[in-house]
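J.: Dumping the structure here so I can ask a few things about it.
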Ligand code: NI
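This is how it looks when you write it as structure tokens:
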């Protein structure tokens, strides 16, 4: 079931929005508005104040010949086994690797872990995407993340 509501905006804003919809490829205004609402709500849920449970997708590129880096990355992942669900590794060529790490935990823990990886020397193009889980029927099922948040990261 959908709920309908009417929004009034000035003509120039409506024109800008319609141009945006065309550029992004939305089929209609409703779909675009739904995405914008979801985006705004998700941003708030992922804020430090609300710190919702979330899944995170962290990806980055690195040179596996940097031996210390590979070793330390593995150590970091093991130290946070409660956050890291799985890692996909792609050998791009003789030197470079791309990894995509699926994370599950509270928004702030996922963010802190991702930042500690992305800030490491040798890590390139690091990026984190987080999706809040509170729309799920059972958002509290954090099977890989049993402890409460707000602690240090010494697991
Ligand atoms: Ni590789």
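In this note's numbering, the protein residues as written are 20 to 174.
Beta carbons: idealized from backbone N, C-alpha and C, even for Gly.
Predicted, not measured: the structure shown is a model, and the values here were computed from it.
1. Just mark residue 112 as buried or exposed, buried being the case when its beta carbon has 16 or more other beta carbons within 10 Å.
2. Is residue 31 helix, strand or coil when you go by DSSP?
3. Curious, which full-length beta strand (DSSP E) runs of at least 3 residues does the stretch 67-142 contain?
4. Tell me which residues share the same chain as residue 97 and place their Cβ nearer than 6 Å to its Cβ, disregarding the 5 neighbours each side in the sequence.
5. Quick one: Cα of residue 34 to Cα of residue 46, how far?
6. Determine whether the beta carbon atoms of residue 65 and residue 130 lie at a separation below 9 Å.
7. Just to confirm before moving on: does the CB-CB distance between residue 107 and residue 118 stay below 9 Å?
T.: Taking the geometry as given:
1. Looking at its Cβ environment, which holds fewer than 16 other Cβ atoms inside 10 Å, residue 112 is exposed.
2. helix
3. Whole beta strand (DSSP E) segments, 3+ residues: 72-82, 103-110 and 115-125.
4. none
5. If I take the Cα positions, the gap works out to 16 Å.
6. At a Cβ-Cβ threshold of 9 Å, residue 65 and residue 130 count as neighbours.
7. yes
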